[in-house]
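Sequence positions in the sequence shown follow the numbering used here and run 6 to 84.
Note that beta-carbon positions come from the ideal geometry of N, C-alpha and C, so glycine has one too.
Treat the numbers as computed from the prediction; the structure is a model and nothing was measured.
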Amino acid sequence: LSDNIKVLGKTGGFTQEELAARLHVTRQAVSKWEHGYSVHDAQILSDMADVLDVHLKDYFDDHGGSVKVTEQENLQLIE
């Protein structure tokens with residue numbers, strides 16, 4: 006999960022600071038997620054999927070991904 010957050014963020018063209026600003030968290034929080042030192046809640050994961058324009062399942066794939074899905078599909082994954 007942490008590696009995919011890093012890969013998807015870079016693929017999306019976001020620095021840690023830019024991603025943090027869009028998610029209303031600190032850059033240090035994004036760094037901790039990328040390094041596996043802490044875990045974010047499900048809502049942040051959903052928000053991050055929207056910002057990065059990916060499906061929630063892409064965080065758990067071996068290769069990441071770039072499929073855009075609807076908010077409804079993201080919410081179904083959270084449930």
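Item	Value
Could you work out which residue in 39, 50, 30 is closest to residue 8 when comparing CA atoms only?	39
Do residue 61 and residue 50 have their C-beta atoms closer together than 8 Å?	yes
When you compare the CB positions of residue 28 and residue 52, do they come within less than 8 Å of one another, or not?	yes
So what does DSSP say about residue 52, is it helix, strand or coil?	helix
Give the single residue among 16, 48, 17 whose Cα lies nearest to the Cα of residue 30.	48
Enumerate in chain order the residues of its own chain whose CB-to-CB distance from residue 45 is below 7 Å, with the five nearest sequence positions on each side excluded.	38
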